[in-house]
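Residue numbering for the sequence shown follows the working numbering, beginning at 8 and increasing consecutively.
We put the CB at the ideal spot given by N, CA and C, even for glycine.
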Amino acid sequence: MTINRRTLLQGTAGIVAGTALGGLVGSGRAFAQGAMPSFQPEEGASLRLLRWVPFVSGEEEAWNANTKAFTEATGVEVQIDQESWEDVRPKAAVAANVGSGPDMVMSWFDDPFQYPDKLVDVTDVATALGEQSGGWYEGLEGYAKQGDKFIAVPLTAIGNAICYRDSHMKAAGFEEFPTDTDGFLELCKAMQAKGTPAGFPHGKAVGDGNNYAHWLLWSHGGMTVDESGKPAINSPETKAAIEYAKALYATFIPGTESWLDINNNRAFLAGQISLTANGVSLYYAAKKDPAMAEIAEDMRTTNLPIGPVGKSVELHQTSTINVFKHTKYPEAAKAYIAFMYQPDQMNAWIQGASAYCCQPLKAFADNPVWTSDPIHEPYSKASASLRPNGFAGPLGPSSAGVMADYVVVDMFAEAVTGQRTAEEAIANAERRIARYYR
């Protein structure tokens with residue numbers, strides 16, 4: 008049978024939140040019957056969710072519509088607070104440590120490992136959702152599990168891909184986009200010479216800055232720590248990555264050392280740069296504005312070039328849903344999560360996000376959004392291809408601390424701007440990493 012929203016709303020609160028499982032729904036896949044336990048919201052329950060400011064309006068609209076359906080079905084009101092990408096992390100950490108504030112948060116990367124003892128064990132709902140919908144993607148699951156316990160529920164990988172102006176690339180003498188880092192550098196040099204430069208953030212940008220810095224490091228074979236968690240940043244591979252980054256930085260528009268997540272978007276849409284890396288939101292920002300029709304028509308996307316390491320190695324923004332232990336309504340929170348991940352809701356959210364949010368569960372991989380526009384293709388495998396930021400060591404409080412402290416981002420920024428020599432920047436990063444991996 009097919010479960011639609013009307014059918015979901017006909018059930019009782021417990022049935023809707025706990026056992027409204029579909030047959031052939033949305034993506035065309037069959038979903039398991041009876042895998043979801045029932046989570047009965049506490050009497051008088053209400054919830055407050057802290058989330059990041061959306062970059063695609065359709066994503067927010069779909070999430071809010073699903074939330075409204077949950078409230079109609081259960082009577083549980085859900086207040087949604089928004090903060091900038093940079094502000095979610097500190098505000099969530101404060102809420103965790105003082106024991107008050109939002110009941111739930113959409114967190115970044117391995118932030119849950121900074122305060123795992125402050126989070127509700129969500130193994131029951133996360134395990135059931137995985138069994139129901141084809142299993143979690145391994146990389147995303149790693150951001151949510153501590154040992155065998157889920158301390159968060161995987162939400163999404165927000166894909167990062169090269170966005171560029173096709174006509175400007177061709178005017179620089181390139182008919183095809185280079186697939187390796189050497190060719191990519193030559194393209195950036197040629198585009199700068201034509202007055203259509205590239206620009207990548209070297210500032211403390213939660214998403215784009217970390218994505219770029221980790222790609223630089225990994226594409227040359229560098230790593231923050233080895234498999235045992237021993238600092239490994241001080242290596243010839245890291246030095247090579249820094250030298251490459253310095254050569255690229257020389258082709259950029261001035262000022263990228265202070266860029267946050269919004270700045271490369273603004274520069275691209277203003278015509279100040281013609282090449283950067285971003286989520287698909289950049290394309291839709293251009294597409295929805297008639298004044299930017301030429302930019303939207305000229306845009307192309309592709310995955311980041313392959314470096315000396317010989318394979319694609321990319322960091323994508325990952326987000327999880329955490330439930331704080333200070334909540335008075337843990338069952339309502341689990342009911343909300345279970346509801347939002349049911350096929351009708353999850354497929355509607357993925358489609359509404361227009362390729363911005365990649366699915367956390369494998370059963371949603373054939374959502375039609377991925378084939379609806381060629382621009383979407385590089386973003387379609389983000390959940391499957393992402394490399395955890397703690398590579399090559401395990402995720403945990405140490406990797407979370409290094410990420411939250413922008414150690415890798417700062418290392419490259421210090422070197423490319425001349426604040427430190429490459430050797431000094433590496434030594435400083437090594438010292439900072441060692442402080443977290445004691």
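Exposed unless 16 or more other CB atoms sit within 10 angstroms - verdict on Arg439: buried
Rounded straight-line distance, which links the Cα of Asn71 to that of Ser235: 42 Å
Taking 8 Å as the cut-off, does the segment 244-264 touch the segment 128-139 (at least 3 CB pairs, one atom from each stretch)? no
Of the listed residues Ala399, Pro385 and Phe371, nearest to Tyr144 (C-alpha basis): Phe371
Quick test of your reading: Ser379 and Val287, contact by CB under 8 Å. State the CB separation rounded to the nearest angstrom. Their Cβ separation, rounded to whole angstroms, is 11 Å, which puts Ser379 and Val287 out of contact at 8 Å.
Minimum C-alpha distance to Thr134 - residue among Asp117, Lys156, Lys177 and Ala434: Lys156
Since Trp59 sits in a beta bridge, which residues does DSSP pair it with? Glu90
Segment contact, 8 Å Cβ cut-off, at least three pairs: the segment 392-402 with the segment 169-183: no
Nearest-angstrom beta carbon gap, Ala254 and Leu192 [assumed within contact, 8 Å]: 6 Å
Pairs of beta-carbons, one from the segment 215-230 and one from the segment 313-327, closer than 8 Å: are there three or more? yes
Three or more C-beta pairs closer than 8 Å, one from the segment 306-320 and one from the segment 224-233: is that the case here? yes
On the premise that Thr334 lies in contact with Asp110, defined as a C-beta separation below 8 Å, what is that separation, rounded to the nearest angstrom? 4 Å
Three-state secondary structure (DSSP) at Phe157? strand
Among residues of its own chain, excluding the 5 on either side of Phe116, which ones have a beta-carbon nearer than 6 Å to its beta-carbon? Thr325, Asn396 and Met410
Measure the alpha-carbon distance for His209 versus Met198 and round it to whole angstroms. 19 Å
Just curious, the alpha helix (DSSP H) that Thr134 is in, first and last residue? Thr130 to Gln139
Distance CB(Ala339)-CB(Ser53) smaller than 9 Å: yes
Under 9 Å between the Cβ atoms of Gly359 and Asn271? no
Per DSSP, Ile165 is paired with what? Gln324
Roughly how many whole angstroms lie between the Cα atoms of Glu67 and Tyr363? 11 Å
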